[in-house]
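Student: Protein chains in written order, with my numbering: chain A, -19 to 484; chain B, 7 to 519. Where a beta carbon is used, it is the ideal one built from N, C-alpha and C, also for glycine.
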Ligand SMILES: [Zn+2]
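So, in structure tokens, the structure goes:
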């Protein structure tokens, strides 16, 4: 049965279309795989076997009835627990939402269901997507399938690990400063943050509204493109959604052409602080692109040096306001203050928020509350917005010279669980290369470049394109993926250690 | 801390207060728009629905839900701004006003902060004696209403002392426009009058724009009155260069009369505080309609920090010049000018016109006259009979189900001689009871003046014969005495006779004409 879980979504789609496999068989195989390995990996917070099988059965019936189906119909998917799912618990990795079952589907989820993708369950994440290791989940960390003592990246470690561990062929992640891309890099998978506004945020529980974007987590560039075209496109329920067709991502992935493409290597992303093996695999990948006919130049984006600082003012500011709604009044956790008779609403709110939020969330709420306070607003939030404008300008100027930008996705390979828990600054630096794209709203993709010599763990390359030119990511990504595959002879994940159920 | 209702504030005599202090007003009016749907979601806005039946993930602030701006509300906001002679922003954003309160689902209110949709305007306000005062408008901005808390138990219906609270989110997300004046200075002892006249003029304007129900008693128009005092110079002159005094903001002012009374009370109260050498506390105060006093509410310092920042879930509002020009073309005739025109057309006295305006009956009368009634009859019905019934029942004339065309039809029946006044009132009962149009009611109830001269003559003769004493008086020239005979003739005719005709016939018979 495990053969099924090794297939890409595109392969499964073909097998389903030809009748070689049924959707129920595919979904069952993945549910069995989850049962087998998720005790170790802990990619899922909630598995919905019944719901997924029901959806799979419906697809099989529709196919039997000769109905026209979406290309991914019957291919199961895992969804990050930050997206509202009707009838399925949605916790955002937080205790404060324990037990909340949304009465509605996020637009992304609604589109998945409409296309016939069975939802296997909800994946683990850092609490409210705040973190770079998935260790800040209130429900325990997810482990990296390459080395169970290491982190899978974050905040969407659950989605990337689920895909890397063959528990799901596809997953949805969300990326606010890099929550899709670095997890993809450290798990040897593909992750895409679409253009801001390219995928609806309706039903995505907001961390930072102006930065959040949902996107695909997959094992191949073509799979990401197929998924991107399911979830992308205008949504009248999201005012910031772009009213334009989804860029031709699938076509670009199939064409996989970089001939004559101008590629800019970002000088500010890749020097000091980047692990030697990560840099080496990155440079080799760039050389492969040159060999395939791309022109490579170095490009400077001087304001990227201030991106992390600006990000850690804008994100907490928005988050402090977005997370105010979690107050025990209408849903989720309610904690009564100890030793208080007839507590007031304010006392219940305070006690609940104290018990329901983890330290990292509290840290950022305090930071954001401070940055927005009168007398500090201009110096912090206001100044950060100016930096944001300058970063967007850096991108504009760079894209006048080149078609895409590239850098290593994350400065290091996966670190050990617990290594950076007491050092928030070093944790934040994991996203140093991915944050500029969120600040400017441009799309980015991470794909594997190989494993490093020093630790044998995966590293990734990030490709960035101008807003609404997401198709360029897929063209470059698919071309590079093909060149690397030729070099390796097998997908990178074929080299990952085999997971078996411990003690099962 | 909440002031208890038992603590009675000292006040000084109003005229006394005005001799020593010069009042400065600031008026903040919240207007609920009458759009079919809420500000940021598709939920209905109808007043009076069962609690929490007009809600959705957006207006309940459920995790993940996002707002979408109601374009109709933006249009209304721009039209209000234009009617207030404001400039309209070419580009402006919503902002989040952050504070925790159980009736606010997101714990922030989506509002506007330093980029209001409309700013720098004015409204000319006519006082009772005809003097016109120009109130400068600082801004008009868009925001969403909060839910409504109902505090159960405790004495006051307020949160302190309540056993528990219930929250109705039907109101959460209803579009509001907040209209803020610049400080109103130089009005002296007329401050309460100006405050009232301003709110009345604003209400009239909003009604003419048809953007709101403007019902103060239902909260669709709410006024917060800011009052401060500054000392007059020794010679009693107002001092414009002196900084403004500490202000209080009085809430819960739910009628025009209350606006005037609340301002007046605050002037007297603050004067007493200042006379005693104490500072006025900057706070929110609560108006009590029944006792006519304000009591201390929340202490409100300038340090209260709402951490405003631009709403990242919404895109900026950027009305084009063309859109603004199109909306300007939809503005109604300014109520002041319109009033003058209609008064001339209708031939009303100043006093009659003021009654009509104060009763909010200008549109009703206009429609009634348009439907064929005489202006005098239209005024008599709407500000007389119907207003009286509404007052007696504590309802609004709009709730009676009586339309201007009903009244015009009723007037037609009276003028054609089919009905007399008392019969017309019976017909009105029927219309209000849903029995149909005036003609249908009159037909169904068999109400019609008897046109048969013979029957009337017979009744007159019968009454004269039965009352020789009275008849004699009339013959002797006491024409007033005929009233008693007319009454009896009408009774004889079961009310269905023309009283004028009866009178004429009696006088003819008795040779007194
Ligand atoms: Zn709603």
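Under 8 angstroms, CB to CB, which of the residues in the stretch 97 to 113 of chain A have a partner in chain B?
Tutor: Those residues of the stretch 97 to 113 of chain A that come within reach of chain B (Cβ to Cβ, closer than 8 angstroms) do not exist; the list is empty.
Student: Which chain A residues are close to residue 44 (chain B), counting only those with a beta carbon under 8 angstroms from its beta carbon?
Tutor: Within chain A, no residue comes near residue 44 (chain B); the closest Cβ sits about 14 angstroms away, beyond 8 angstroms.
Student: Taking 8 angstroms as the cut-off, does the CB of residue 44 (chain B) come closer than this to any heavy atom belonging to ligand 1?
Tutor: yes
Student: Please list, in chain order, all residues with a C-beta atom less than 5 angstroms from at least one heavy atom of ligand 1.
Tutor: Answer in sequence order: B:47, B:49, B:62, B:64, B:65.
Student: Name, please, each residue of chain B whose Cβ falls closer than 7 angstroms to the Cβ of residue 332 (chain A).
Tutor: Chain order gives no chain B residues near residue 332 (chain A), where near means a beta carbon separation below 7 angstroms; the closest approach is about 12 angstroms.
Student: Using the three-state DSSP reduction, which class does residue 413 (chain A) fall into: helix, strand or coil?
Tutor: coil
Student: Residues of the stretch 63 to 74 of chain B in Cβ contact with chain A at a cutoff of 9 angstroms, in chain order, please.
Tutor: The stretch 63 to 74 of chain B vs chain A, Cβ under 9 angstroms: 63, 64, 66, 67, 68, 69, 70, 71, 72, 73, 74.
Student: For a contact defined as C-beta to C-beta under 8 angstroms, what are the partners of residue 326 (chain A) on chain B?
Tutor: 106
Student: Is any beta-carbon of chain B found at less than 9 angstroms from that of residue 349 (chain A)?
Tutor: yes
Student: Is residue 114 (chain B) close to chain A? Criterion is C-beta to C-beta, closer than 9 angstroms.
Tutor: yes
Student: May I ask you to list the residues that DSSP assigns as paired with residue 123 (chain B)?
Tutor: In DSSP, residue 123 (chain B) forms no bridge with anything.
Student: What does residue 406 (chain A) touch in chain B if you count any residue whose Cβ is under 7 angstroms from its own?
Tutor: Those within 7 angstroms of residue 406 (chain A) in chain B number zero; the least Cβ separation is about 28 angstroms.
Student: Going by Cα to Cα distance, which pick from B:26, B:98, B:51, B:48 is closest to residue 317 (chain B)?
Tutor: B:98
Student: Report back the beta-carbon spacing between residue 219 (chain A) and residue 320 (chain B) to the nearest angstrom; my notes put them in contact at under 8 angstroms.
Tutor: 5 angstroms
Student: Using 8 angstroms as the threshold, is the stretch 116 to 127 of chain A in touch with the stretch 158 to 172 of chain A, meaning 3 or more CB pairs across them?
Tutor: yes
Student: Would you kindly report the start and end of the unbroken alpha helix (DSSP H) that includes residue 484 (chain B)?
Tutor: Where residue 484 (chain B) is concerned, there is no enclosing alpha helix (DSSP H), given that its DSSP letter is neither H nor E.
Student: Below 6 angstroms CB to CB, which residues in the same chain sit around residue 122 (chain B) once its five sequence neighbours on both sides are set aside?
Tutor: Closer than 6 angstroms at the Cβ level, and outside the excluded window around residue 122 (chain B), lie 145, 147.
Student: Quick one: which chain B residues come within Cβ less than 7 angstroms of residue 298 (chain A)?
Tutor: Think of a sphere of 7 angstroms around the beta carbon of residue 298 (chain A): the chain B residues whose beta carbon falls inside it are 318, in chain order.
Student: What in chain A is Cβ-close to residue 305 (chain B), meaning under 8 angstroms?
Tutor: Residues of chain A whose Cβ lies closer than 8 angstroms to the Cβ of residue 305 (chain B) do not exist; the shortest such Cβ separation is about 16 angstroms.
Student: Can you give me the Cβ contacts of residue 483 (chain A) inside the same chain, cut-off strictly under 8 angstroms, excluding the 5 residues immediately before and after it?
Tutor: The pLDDT assigned to residue 483 (chain A) is 40, lower than 50, so where the model puts this residue is not dependable; a value taken from the coordinates is nonetheless given after this. Result list for residue 483 (chain A): empty, nothing under 8 angstroms.
Student: Would a check of beta-carbon distances place residue 218 (chain A) closer than 9 angstroms to chain B?
Tutor: yes
Student: Of all the CB atoms in chain B, is at least one closer than 9 angstroms to the CB of residue 139 (chain A)?
Tutor: no
Student: Between the C-alpha atoms of residue 506 (chain B) and residue 429 (chain B), what's the straight-line distance to the nearest angstrom?
Tutor: 14 angstroms
Student: What's the gap between the Cα of residue 474 (chain A) and the Cα of residue 468 (chain A)?
Tutor: 10 angstroms
Student: With the cut-off set at 9 angstroms, would you say residue 163 (chain A) and residue 139 (chain A) are in Cβ contact?
Tutor: yes
Student: Using a Cβ-Cβ distance cut-off of 9 angstroms, determine whether residue 181 (chain B) contacts chain A.
Tutor: For residue 181 (chain B), the answer is no, since every Cβ of chain A falls outside 9 angstroms of its Cβ.
Student: If we ignore side chains and look at the alpha-carbon of each, how far apart do residue 448 (chain A) and residue 202 (chain B) end up?
Tutor: 55 angstroms
Student: State whether the stretch 222 to 234 of chain A contacts the stretch 181 to 195 of chain A, with contact taken as three or more CB pairs (one from each stretch) at a distance under 8 angstroms.
Tutor: By the Cβ rule, the stretch 222 to 234 of chain A does not count as touching the stretch 181 to 195 of chain A, because fewer than three pairs are nearer than 8 angstroms.
Student: Indicate whether the contact test is met: 3 or more Cβ pairs, each with one atom in the stretch 286 to 297 of chain B and one in the stretch 68 to 77 of chain B, closer than 8 angstroms.
Tutor: no
Student: Measure how close the beta-carbons of residue 276 (chain A) and residue 230 (chain A) come, nearest whole angstrom, since I'm counting them as under 8 angstroms.
Tutor: No, residue 276 (chain A) and residue 230 (chain A) are not in contact; Cβ-Cβ is about 26 angstroms, not under 8 angstroms.
Student: Can you tell which of A:340, A:197, A:402, A:253 has its C-alpha closest to the C-alpha of residue 150 (chain A)?
Tutor: A:197
Student: Can you tell me where the alpha helix (DSSP H) with residue 226 (chain B) in it begins and where it stops?
Tutor: Residue 226 (chain B) -> no alpha helix (DSSP H), and no H or E assigned at all.
Student: Got a sec: which bits of the stretch 170 to 200 of chain A sit with their beta carbon under 8 angstroms from any beta carbon on chain B, in order along the chain?
Tutor: 181, 182, 183, 184, 185, 186, 188, 189, 190
Student: Looking at C-alpha atoms only, which residue of A:204, A:84, A:135, A:259 is the closest neighbour of residue 438 (chain A)?
Tutor: A:259
Student: On the DSSP letters alone, give me the boundaries of the alpha helix (DSSP H) that residue -16 (chain A) sits inside.
Tutor: -18 to -14
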